[in-house]
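Number of protein chains: 2
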Amino acid sequence: MALPYAQTPATAEQEAFLHLQSAIRLGRYRAGDRLIPEEIAAEIGMSRMPVREAFQRLAVEGLVVIRPNRGCIVAGLTLEEIYETFEMRSVLEGLAVRLAMPRMNAETIAELERLLARMERSGAAGGADWVTRHQEFHGYICNLSGRPKLIRHIASLHVTIEPYLRIWFDYVEKPLSAAEEHSAVIDSLRGGDAAAAEAVMRSHILDTAPLLAEFASPSRR
Amino acid sequence: MALPYAQTPATAEQEAFLHLQSAIRLGRYRAGDRLIPEEIAAEIGMSRMPVREAFQRLAVEGLVVIRPNRGCIVAGLTLEEIYETFEMRSVLEGLAVRLAMPRMNAETIAELERLLARMERSGAAGGADWVTRHQEFHGYICNLSGRPKLIRHIASLHVTIEPYLRIWFDYVEKPLSAAEEHSAVIDSLRGGDAAAAEAVMRSHILDTAPLLAEFASPSRR
DNA sequence: CACTGGATTTTTGTATCCACAAATACACTG
DNA sequence: CAGTGTATTTGTGGATACAAAAATCCAGTG
């Protein structure tokens, strides 16, 4: 996993966090599900406290909602919030490509082609796989920006919408437009014009949002 | 305070979070300071547990760093990280003004003029005050975007750099350029051109970053 | 003087108990 | 019989005491 969090868990809290994060990303826990500290603690073999600490981190990341005295539930995004996340992604990833441009060369572009090809192939294996590859593609570009905090922010936004991307991908006809869109992004990188690449990335991401909106939102909070 | 977190603390954990956040914002805790759970717990009259939970939230927001088995320290930003934060602010707040444009009218612009005037006056009272007013000015525009998550993200970035803005303001000659810069932002809103306003906000924020960089960074992690 | 191996300190995690808010069930009244 | 107020139950949040593991310190040794 190319996410910045994905390190070997040094503490129980980290283990709980990673466990819950991946469970939500992969759809094992669904929006609205209650997360009972003792249950989860037992599941991974620890006590409540580190699990509760993990809840706090997940809450800031927007993956769960903690309502005082009423426990912790998996967050669901409304249609508006999904849109909003894409809007933020569009400007942040636009910034990322702009900053990444100086590090673009034959080698990095070849790697992007490879990642795109892998994304295409993974489409057959279902949404979970495709979403991971898709994240890797975007993540690779962001990493070239050399901005640690920016990378983290963007990765966090990806995690938030992954469950919806996954369901969408499994539900609708495998979107053929995705391949062309991402090819266009790579093409813009070849041009060497940072501002142009930023514009392409922006519209690529904004174009995706309405596609998700076309079918019913999986859950409203 | 116009930050989304500023609600009446319903739980001990929230109280600890708000306490620590404001202490860091106001410079009571400085970068590199160790945060000992038992000490802080005693200070606000509670046990370790909720304090440690608050640490996790603060860590995600980037205000503290938790190094496994070595405790929690107040995060310091390197010069590069300060720059990076301004870069993110520039695109996110650029997005915010663009989205806020439809809600701009004589009334909201009058309010912005008032906030700007107050910011100017507060300059005499020192950096802590000016920074708060500055945040209010930017926050007001962001709020008009009507995007809850975007507002939160931007507010979080503001909190991160507030200590540095404050020190900078107290240290250098009160920057006269600030008034003109913010006036220019208001002017761009009068024009009604969303894309133009976005561009003005972007360059306003990016222009500020090098000013801070001119004097030595307060601490390197 | 560098290095190794233990003792000490600090941090992290566990177990258990208690208080309190919220949800629920229930009875009482109009 | 509907609506309202009250008691019971449930579960979350927090405190405290205790135990384990990691890091740090320090002295003795080669």
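Protein sequences, first through last, are from chains A and B.
First residue of the first sequence: 1, per the working numbering; consecutive thereafter.
First residue of the second sequence: 1001, per the working numbering; consecutive thereafter.
Quick reminder that beta carbons are idealized off the backbone N, C-alpha and C, glycines included.
Being a predicted model, the structure only gives us computed values, none of them experimental.
To the nearest angstrom, report how far apart residue i and residue j are at their CA atoms.
i: Ile40/A; j: Leu165/A; result: 26 Å
i: Glu1107/B; j: Ala1100/B; result: 14 Å
i: Ile1036/B; j: Trp1168/B; result: 28 Å
i: Arg114/A; j: Leu1026/B; result: 49 Å
i: Met201/A; j: Ala128/A; result: 23 Å
i: Ser219/A; j: Gln56/A; result: Only weak support exists for where Ser219/A lies, its pLDDT of 44 falling under 50; the value from the coordinates is given anyway. Roughly 22 Å between the two C-alpha positions.
i: Val65/A; j: Ala75/A; result: 6 Å
i: Met46/A; j: Ala12/A; result: 7 Å
i: Ala1023/B; j: Ile1044/B; result: 12 Å
i: Thr85/A; j: Gly1123/B; result: 36 Å
i: Leu1079/B; j: Ala1213/B; result: 7 Å
i: Arg221/A; j: Ala59/A; result: Annotation note: pLDDT 35 at Arg221/A (below 50); position unreliable, coordinate value reported separately. When rounded, the distance between both Cα atoms is 15 Å.
i: Ser217/A; j: Glu181/A; result: Only weak support is given to the placement of Ser217/A: the predicted model assigns it a pLDDT of 48, under 50, and the question is left unresolved by the model.
i: Met1/A; j: Glu136/A; result: Note that Met1/A has pLDDT 35, beneath the 50 cutoff, so the model's placement of it is unreliable and the number below is only indicative. Those two C-alpha atoms are separated by around 8 Å.
i: Tyr171/A; j: Trp1130/B; result: 52 Å
i: Arg1190/B; j: Glu1198/B; result: 13 Å
i: Arg1067/B; j: Arg1034/B; result: 11 Å
i: Ile211/A; j: Glu81/A; result: According to the sequence as given, residue 211/A is Leu; it is not Ile. Their backbone Cα atoms lie some 15 Å apart in a straight line.
i: Arg1147/B; j: Gly1192/B; result: 19 Å
i: Arg1152/B; j: Ala42/A; result: 34 Å
i: Ala1032/B; j: Pro1163/B; result: For the record, residue 1032/B in the displayed sequence is Gly; it is not Ala. Answer to the nearest angstrom: the Cα atoms are 13 Å apart.
i: Pro50/A; j: Leu1157/B; result: 27 Å
i: Leu109/A; j: Ser188/A; result: One point to set straight first is that residue 109/A is Ile, not Leu, in the sequence displayed. Approximately 11 Å, taken between the alpha carbons.
i: Ala196/A; j: Arg1070/B; result: 45 Å
i: Leu1018/B; j: Ile1073/B; result: 17 Å
i: Asp207/A; j: Ser177/A; result: 10 Å
i: Val1105/B; j: Asn105/A; result: Reading the sequence as shown, one finds Asn at residue 1105/B and not Val. Spanning the two alpha carbons is a distance of roughly 47 Å.
Report the CB separation of residue i from residue j in whole angstroms; it is logged as a contact under 8 Å.
i: Ser1090/B; j: Ile1161/B; result: Wrong, their Cβ atoms sit about 12 Å apart, outside the cutoff.
i: Arg1103/B; j: Leu1144/B; result: 5 Å
i: Leu1112/B; j: Ile1186/B; result: 5 Å
i: Gly1139/B; j: Ala1155/B; result: 7 Å
i: Arg1118/B; j: Arg1098/B; result: Contact doesn't hold; Cβ gap of about 25 Å is too wide.
Is the beta carbon of residue j closer than 8 Å to that of residue i?
i: Ala16/A; j: Ala54/A; result: yes
i: Ser203/A; j: Leu116/A; result: no
i: Ala1194/B; j: Cys1142/B; result: no
i: Glu1120/B; j: Ala1179/B; result: yes
i: Tyr1083/B; j: Ala1209/B; result: yes
i: Glu951/B; j: Arg1048/B; result: Look at the range of chain B in this structure, 1001 to 1221, and you will see that residue 951/B is not part of it.
i: Glu1087/B; j: Val1159/B; result: no
i: Gln21/A; j: Leu63/A; result: yes
Q: May I ask you to list, following chain order, the residues of the stretch 16 to 47 of chain A that have a beta carbon less than 9 Å from some beta carbon of chain B?
A: Phe17
Q. Using Cβ-Cβ distances below 8 Å, what residues of the stretch 76 to 89 of chain A are close to chain B?
A. Glu81, Glu84, Thr85, Glu87 and Met88
(Q) Beta carbons nearer than 7 Å to chain B: which residues of the stretch 202 to 213 of chain A have them? (A) none
Q: Give, in chain order, every unbroken run of the alpha helix (DSSP H) that is at least 4 residues long and sits entirely within the stretch 1004 to 1081 of chain B.
A: 1012 to 1025, 1037 to 1044 and 1048 to 1061
Q: Scan the stretch 132 to 160 of chain A for residues whose Cβ lies nearer than 8 Å to a Cβ of chain B and list them as they occur along the chain.
A: Arg147, Pro148, Lys149, Leu150 and His153
(Q) At a CB distance below 8 Å, what residues from the stretch 1056 to 1067 of chain B approach chain A? Give them in sequence order. (A) Gln1056, Arg1057, Ala1059, Val1060, Glu1061 and Gly1062
Q: Ignoring anything shorter than 4 residues or poking outside the stretch 140 to 208 of chain A, list the alpha helix (DSSP H) runs there in chain order.
A: 148 to 171 and 177 to 191
Q. The stretch 1091 to 1110 of chain B: which residues have C-beta closer than 8 Å to a C-beta of chain A, in chain order?
A. Val1091, Leu1092, Gly1094, Leu1095 and Leu1099
Q | chain A contacts from the stretch 1166 to 1200 of chain B (Cβ-Cβ distance under 7 Å) | A | none
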